[in-house]
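K.L.:
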Amino acid sequence: MPLTSDQYLRYARHLTLPEFGEAGQEKLLKSSVLLIGAGGLGSPLALYLAAAGVGRLGIMDFDVVDVSNLQRQVIHRTQDVGTSKAKSAKRGVQDLNPGCVVDIYEEGITSANALEIIAKYDIVIDGTDNFPTRYLVNDACVFLNKVNIYGSIYRFEGQATVFDTRKKADGTRNGPCYRCLYPEPPPPGEVPSCAEGGVLGILPGTIAMIQATEAIKVLSGMGKTLAGRFLRYDAMNMTFRELKLRPDPTCPVCSAKPTITQLIDYQQFCGMGRGETAVNSENLEISTTDYAALREAGKEHLLLDVREPFELGICQIEGNLNIPLGQLPGRLGELAAWKDKLVVAQCKSGRRSMKALETLKKHGFSNVLNLTGGILGWGEDIDPSISAY
Ligand SMILES: [Zn+2]
721 MPLTSDQYLR
731 YARHLTLPEF
741 GEAGQEKLLK
751 SSVLLIGAGG
761 LGSPLALYLA
771 AAGVGRLGIM
781 DFDVVDVSNL
791 QRQVIHRTQD
801 VGTSKAKSAK
811 RGVQDLNPGC
821 VVDIYEEGIT
831 SANALEIIAK
841 YDIVIDGTDN
851 FPTRYLVNDA
861 CVFLNKVNIY
871 GSIYRFEGQA
881 TVFDTRKKAD
891 GTRNGPCYRC
901 LYPEPPPPGE
911 VPSCAEGGVL
921 GILPGTIAMI
931 QATEAIKVLS
941 GMGKTLAGRF
951 LRYDAMNMTF
961 RELKLRPDPT
971 CPVCSAKPTI
981 TQLIDYQQFC
991 GMGRGETAVN
1001 SENLEISTTD
1011 YAALREAGKE
1021 HLLLDVREPF
1031 ELGICQIEGN
1041 LNIPLGQLPG
1051 RLGELAAWKD
1061 KLVVAQCKSG
1071 RRSMKALETL
1081 KKHGFSNVLN
1091 LTGGILGWGE
1101 DIDPSISAY
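In case it helps, the numbering used here puts the sequence shown at residues 721 to 1109.
Put into structure tokens, the structure is as follows:
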């Protein structure tokens, strides 16, 4: 379909590029991209892809805008705090380019909905930061022959690549998949999230722009993509490094003889279900309701909050002792009196406190428990005055 006169004006700078031109713009206008997450990566992605003229965007996010998101999630405005991120992102896209069709999904991606939703789009960009979603999106994209544009961010560093497992004419694939790179998920709690470790607000913008560039190249059929190359970006030293990625001939999903041919339970695969994060076979978890009952009964215990001091300024459970996780090994002396008594460790979500339990157990603390879901779980289940952050 030829471009309209409005489109000639809007995309004039693309049309001037001989490598892109009218043919490239027409391809973009006919294309569709699914953004999983309208957060740090999804926000700039949605804006730039819409501006460039991608015809249809799917935006998937079950969360609402929080004031702490605004440091990097630039599609949302201060007045959007408390509203659905998917709706807020749709508003942002349509303000910028009313010609872009936006489908929103106010839900998380799951094994039950992934295939149906992903099938409707040409490419998928996963902007979430959890392992079950990464494996789920990877497998679904391999099964559906879709390109998956990968990006991840943490503190001052980011990574990006293109998982393009589409088959070429000779039956081989264009490149490796996420499982070729990471065959096994890391142990739960080993890799901290941005919520725990922080992130420079600009960093997701840089990584999202790399993802958006790759998306536009894939969609318009121009240039050489990052398929088979893994880009690492260090904002602190302003360096980009590139690693070669090769398909794993034994990959369970993308090799010639796959052992996984349908979606699985990814929470279980990553060992990350709430309450299932015990570091070993012992059950070291205490639920929020059990802990509330224990407090109610006045049972003697120490509540050890291993978050950073600034987080206690946001919210805390009364009567805690605060020793940030990183300082714990050097401050065990302060806990000497509790070696044989009950210590309940707590952090934001239950991951750092599980690491703290490992340290305590290694040093002979015999009666330790992890508050399941951390202070966020406590806020959800017990004390609504706790502010989520
Ligand atoms: Zn693979």
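Even glycine gets a Cβ: it sits at the ideal position worked out from N, Cα and C. Predicted model only: the values in this text are computed from it and were never measured.
If we count the other Cβ atoms within 10 Å of its Cβ and call it buried at 16 or more, is Pro738 buried or exposed?
P.N.:
exposed
K.L.:
Going by other Cβ atoms of all chains shown within 10 Å of its Cβ, with 16 needed for buried, is Asp1010 buried or exposed?
P.N.:
exposed
K.L.:
Which of the three DSSP states is assigned to Ser804 in this structure?
P.N.:
strand
K.L.:
Three Cβ pairs or more, each shorter than 8 Å: is that satisfied between the segment 952-964 and the segment 764-775?
P.N.:
no
K.L.:
Leaving aside the five residues before and after Phe1030 along the sequence, list all residues of the same chain whose C-beta is less than 7 Å from its C-beta, in chain order.
P.N.:
none
K.L.:
For Gly757, which residues of its own chain have a beta-carbon under 6 Å away from its beta-carbon, when the five flanking residues on both sides are left out?
P.N.:
Non-local C-beta neighbours of Gly757 in its own chain, meaning closer than 6 Å and more than five positions away in sequence, comprise Asp781, Gly847 and Thr848, ordered along the chain.
K.L.:
Give me the Cβ distance between Leu1080 and Val1064, rounded to the nearest whole Å; I'm assuming they're in contact under 8 Å.
P.N.:
The pair is not a contact, with the Cβ atoms about 11 Å apart (cut-off 8 Å).
K.L.:
Measuring CB to CB, does Leu1041 end up less than 8 Å from Leu1024?
P.N.:
yes
K.L.:
What are the start and end residues of each continuous alpha helix (DSSP H) run of 4 or more residues lying completely inside the segment 884-968, in chain order?
P.N.:
Taking 4 residues as the shortest admissible run, the segment 884-968 contains the following complete alpha helix (DSSP H) segments, listed from N- to C-terminal end: 898-901, 914-917 and 923-940.
K.L.:
DSSP three-state call for Asn1000: helix, strand or coil?
P.N.:
With a pLDDT of 43 at Asn1000, under the threshold of 50, the modelled position of that residue is not reliable, and the figure given next carries that caveat. Three-state DSSP puts Asn1000 in coil, outside helix and strand.
K.L.:
According to DSSP, simplified to helix, strand and coil, what is Ala766?
P.N.:
helix
K.L.:
How about Phe679 and Leu923: do their beta carbons lie closer than 8 Å?
P.N.:
Since the first residue shown for the chain is 721 and the last is 1109, residue 679 is missing from the structure and cannot be characterised.
K.L.:
Consult DSSP for Met721 and reduce its assignment to one of helix, strand or coil.
P.N.:
coil
K.L.:
Helix, strand or coil, according to DSSP, for Leu1023 in the structure here?
P.N.:
Note: Leu1023 maps to strand in three-state DSSP.
K.L.:
Can you tell me which of the three DSSP states Glu1005 falls into?
P.N.:
strand
K.L.:
Taking one C-beta from the segment 893-907 and one from the segment 1048-1060 each time, how about it: are there three or more such pairs within less than 8 Å?
P.N.:
no
K.L.:
Pull up the distance between the alpha-carbon of Lys807 and that of Gln727, whole angstroms please.
P.N.:
The alpha-carbon of Lys807 is positioned some 25 Å away from that of Gln727.
K.L.:
Would you list the residues sitting across from Thr872 in a DSSP beta bridge?
P.N.:
Per the sequence shown, residue 872 should be read as Ser rather than Thr. BP columns for Ser872 point to Gln879.
K.L.:
Give me the Cα-Cα distance between Glu1005 and Asn817, rounded to the nearest whole angstrom.
P.N.:
49 Å
K.L.:
Starting from Ala732, trace the beta strand (DSSP E) both ways and give me its first and last residue.
P.N.:
No beta strand (DSSP E) holds Ala732; the alpha helix (DSSP H) holding it covers Ala732 to Leu735.
K.L.:
Can you check which of these residues, Gln1066, Lys977, Lys937 and Pro907, is closest to Cys990 by C-alpha distance?
P.N.:
Pro907
K.L.:
To the nearest angstrom, report how far apart Thr997 and Asp985 are at their CA atoms.
P.N.:
Low per-residue confidence applies at Thr997: pLDDT is 40, beneath 50, and the placement is therefore not dependable enough to give any value.
K.L.:
Less than 6 Å between C-beta atoms, sequence neighbours within five positions excluded: which residues of the same chain meet that for Gly828?
P.N.:
Phe782
K.L.:
Among residues of its own chain, excluding the 5 on either side of Gln879, which ones have a beta-carbon nearer than 6 Å to its beta-carbon?
P.N.:
Ser872 and Arg952
K.L.:
Who's in the neighbourhood of ligand 1, going by beta-carbon under 5 Å from any heavy atom, listed in chain order?
P.N.:
Cys897, Arg899, Cys900, Cys971 and Cys974
K.L.:
For the alpha helix (DSSP H) that Ala832 lies in, which residues bound it at each end?
P.N.:
Looking at the DSSP string, Ala832 is not in any alpha helix (DSSP H), and its letter there is neither H nor E.
K.L.:
Determine, using beta carbons only, whether Leu939 and Ser804 come nearer to each other than 8 Å.
P.N.:
no
K.L.:
Are Val821 and Gly775 closer than 8 Å when you measure CB to CB?
P.N.:
yes
K.L.:
Between which two residues does the alpha helix (DSSP H) carrying Gly778 extend?
P.N.:
Element bounds for Gly778: not the alpha helix (DSSP H) but the beta strand (DSSP E), Arg776 to Met780.
K.L.:
So the beta strand (DSSP E) Ala1142 belongs to, where does it begin and stop?
P.N.:
No answer is possible for residue 1142: the residues shown for the chain start at 721 and end at 1109.
K.L.:
In the DSSP assignment, find the unbroken alpha helix (DSSP H) run with Ala1076 in it and report its ends.
P.N.:
Arg1071 to Lys1082
K.L.:
How is Asp815 classed by DSSP in three states: helix, strand or coil?
P.N.:
helix
K.L.:
In the DSSP output, which residue or residues are listed as bridge partners for Val821?
P.N.:
Arg776
K.L.:
Mark Arg1071 as exposed unless 16 or more other C-beta atoms lie within 10 angstroms of its C-beta, in which case mark it buried.
P.N.:
Buried, since its Cβ has 16 or more Cβ neighbours within 10 Å.
K.L.:
Start and end of the alpha helix (DSSP H) containing Val857?
P.N.:
Phe851 to Leu864
K.L.:
Rounded to whole angstroms, what is the Cα-Cα separation between Ala976 and Thr970?
P.N.:
Straight-line Cα distance between these residues: approximately 8 Å.
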